[in-house]
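Chains L and P supply the protein sequences, listed in that same order. Under the numbering used here, the first residue of the first sequence is numbered 114, with each subsequent residue one higher. Under the numbering used here, the first residue of the second sequence is numbered 114, with each subsequent residue one higher. Following: one structure in structure tokens, then a few remarks.
There are 2 protein chains.
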Amino acid sequence: MPDTRSQIVEAADKLFYERGYEHTSFADIAAVVGLSRGNFYYHFKTKDDILEAVIDLRKSRTQVLLEGWAEQAHTPIERLDRFIGMMVMNSPKIRRHGCPVGTLCTELAKLEHPALPNAGMLFTLFRQWLAAQFTQLGFGGKADGLAMQLLARSQGIATMANAFDDEEFIRQETEQLRVWLRALAPTGQPN
Amino acid sequence: MPDTRSQIVEAADKLFYERGYEHTSFADIAAVVGLSRGNFYYHFKTKDDILEAVIDLRKSRTQVLLEGWAEQAHTPIERLDRFIGMMVMNSPKIRRHGCPVGTLCTELAKLEHPALPNAGMLFTLFRQWLAAQFTQLGFGGKADGLAMQLLARSQGIATMANAFDDEEFIRQETEQLRVWLRALAPTGQPN
DNA sequence: GTCTATACCCAGATAGAC
DNA sequence: GTCTATCTGGGTATAGAC
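In structure tokens, the structure reads:
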């Protein structure tokens, strides 16, 4: 049985993703948790505080996710496949709400919100993990660039699938990503 | 000297791009135009009406833009280069506010706003124009898929450049897009 | 820790004078 | 066609009883 604060952050995380940060009100979150608006402020002073808590929650979950992939898959290519597979697994949600990281950063950029760099850290976690896989494949100085390229392509797929409400597009384009990956490192080694 | 209605749509177009649709208030737009809030409703009944007008403005401008490229560039490859060049030319704005089309669609999807399909038409205009170029290159049934791929990659570049506040990334990745394009159609013909 | 009540502000939207 | 004045609702945030 989780404590109230955790329930609030959990509900906020979900609603911020589904409806966006600004479009989610305290009342929305309170209704999900089954809490009065007044009691809300015992746990969080401002809406920005909830946002920080949500980003921190996502950061720790991302860490766990990436560590899990590193344990379960034993070659860099298999690990990169896990990243791509995540998009396919989440395709129904991506189609409806886009990428949780990308759409949050996009919104915070428009708001000129001070939490944008913190949200960007979510990208950075993936970036460094992906770059580590490319480094293990022997890409040296190109590893970070390839990580960014893979991140960017996944963002583009999510944005278009969301705009066109098209889940099949995710399946097609992730397959293309796998082809690209194999062409890049056919034997698990760089050219 | 443009009429008031045009001024309103112009100001709304700019503010919706820079701050987002929901985050822009009537007061914000009225302040730019130098109009009282009350007078606003003589020109537009609801905020959604302004959004529709903004999308229509963008659609007609996109048409003009694409027709201009078709006139100025005489080969499909040159025309596709114009599309890529647009990103480089607008890189300062993309870095700060993202892609005007992509970020609008992302926001409207979160709001479950009925204007999302209309905003998606902006993507469709580019999609069809790009597909026409790939068709001229002889790609036949693959043309639309390539158009979507190019659109998706440009969206990814915009999202990452915006999140990381990185203009250099746009320059790098658009260069990669040009390389990809040449590899795809080395002699202006498909493989 | 949780509640009700409420302050305060700003949003979208309307009425009616000029 | 533009203005001022105003309504109404919802948002964040606070005070204080239980």
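Where a beta carbon is used, it is the ideal one built from N, C-alpha and C, also for glycine. No experiment lies behind these values; they were computed from the predicted model shown.
| query | result |
| --- | --- |
| Run down chain L in chain order and give the residues with a C-beta less than 8 Å from the C-beta of P:T216. | T219 and K223 |
| Can you tell which of L:S267, L:A232 and L:P189 has the C-alpha that lies nearest to the C-alpha of L:L95? | What is shown of chain L runs 114 to 304, which leaves residue 95 of chain L out entirely. |
| By a C-beta neighbour count over all protein chains shown, 10 Å radius and 16 as the cutoff for buried, is L:E225 buried or exposed? | exposed |
| Could you check whether P:V214 and P:F247 sit closer than 8 Å to each other, using their CB atoms as the reference points? | no |
| Quick check on DSSP: helix, strand or coil for P:N304? | Only weak support is given to the placement of P:N304: the predicted model assigns it a pLDDT of 46, under 50, and the value that follows is read from those uncertain coordinates. P:N304 falls in the coil class under three-state DSSP. |
| Ignoring anything shorter than 4 residues, give me the alpha helix (DSSP H) runs that lie fully in the segment 137–196 of chain L, in order along the chain. | 139–146, 150–156 and 160–185 |
| May I ask whether a heavy atom of the ligand HEM can be found less than 7 Å away from the beta carbon of P:A260? | Here there are no bound small molecules, and the ligand HEM is not part of this structure. |
| Could you pull the start and end residues of the alpha helix (DSSP H) that L:F247 belongs to? | L229 to Q249 |
| Between the C-alpha atoms of L:A183 and L:E123, what's the straight-line distance to the nearest angstrom? | 26 Å |
| Using the Cα positions of L:H187 and L:L170, report the straight-line distance between them to the nearest angstrom. | 27 Å |
| Indicate whether at least one CB of chain P lies closer than 8 Å to the CB of L:H226. | no |
| Once the 5 residues before and after P:N304 are set aside, which same chain residues still bring their CB inside 7 Å of it? | Interpretation of P:N304 is limited by its pLDDT of 46, a score under 50 that renders its predicted location unreliable; no figure is taken from the coordinates. |
| Rounded to the nearest angstrom, what separates L:V167 and L:L128 at their Cα positions? | 11 Å |
| In terms of residue numbering, what span does the alpha helix (DSSP H) encompassing P:Y130 cover? | T117 to R132 |
| With a threshold of 16 other CB atoms inside 10 Å of the CB of P:N275, please say whether the residue is buried or exposed. | buried |
| Can you pull the chain P neighbours of L:G211, defined as C-beta to C-beta under 7 Å? | T219 and A222 |
| Give me the chain L residues within the contact set of P:N275, using Cβ-Cβ distance strictly less than 8 Å, ordered along the chain. | C218, T219 and A222 |
| Counting along the chain, where does the alpha helix (DSSP H) carrying P:K255 start and finish? | Taken as a continuous stretch (DSSP letters only), P:K255 belongs to no alpha helix (DSSP H), as it is neither H nor E. |
| Check whether the segment 258–276 of chain P touches the segment 201–221 of chain P, taking contact to mean three or more Cβ pairs, one atom from each stretch, closer than 8 Å. | yes |
| Would you check if the distance between the CB atom of P:M234 and the CB atom of P:K172 is smaller than 8 Å? | yes |
| Would you identify the three-state DSSP class for L:L305, choosing helix, strand or coil? | This structure cannot settle anything about residue 305 of chain L, because the visible part of chain L is limited to 114 through 304. |
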